[in-house]
Amino acid sequence: MPQNKEYKATINANGTNISIVLKGNEADYISLTDIAKYKSDEPNDVIRNWLRNRDTIEFLGLWEKINNPNFKPVEFDGFRKEAGKNAFVLSPQKMKASEEITFYIYQNN
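With the UniProt record's numbering, letter number 89 in the sequence shown gets 89, and the count goes up by one each step, no holes.
As structure tokens, then:
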């Protein structure tokens, strides 16, 4: 697969179509929105609630530490400290703004 080429594919799991983005020699990405649609007609709410969970934040931080050479643990600690609080809200866009690579944000047509 060419390095700069982006491919999109779909898999079906339990009757739900899930988009996948293949980015050449880079990482592949699976649509969280499509997975969340399996649980709710409001997938963004499902994702936001999942991202508020302390265990999710710990997992994402570890993933970033292993896979992201530009990971900024001090900046990520802000997410970790707030995780689980009622007022805490995290989105893939906020993580992306702090140079995390866990999420690849794209418009799914």
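The C-beta atom is built at its ideal place from N, Cα and C for all residues, glycine as well.
Nothing here was measured: the structure is a model prediction, and the numbers come from that model.
Comparing C-alpha distances from ALA87 to each of GLU26, LYS65 and ARG48 shows the shortest one belongs to ARG48. The DSSP-derived three-state label of ALA36 is helix. For VAL21, the three-state secondary structure derived from DSSP is strand.
Secondary structure at ILE11: strand, using DSSP grouped into helix, strand and coil. ASP77: not part of any beta strand (DSSP E); member of the alpha helix (DSSP H) spanning 73-82, first to last residue.
Here the alpha carbon of SER98 sits roughly 17 Å from the alpha carbon of PHE59.
A straight line joining the alpha-carbon of ARG54 with that of PRO92 spans about 15 Å. Note that the region 32-45 touches the region 8-21; at least 3 beta-carbon pairs, one per stretch, sit closer than 8 Å.
ASP55: member of the alpha helix (DSSP H) spanning 54-67, first to last residue.
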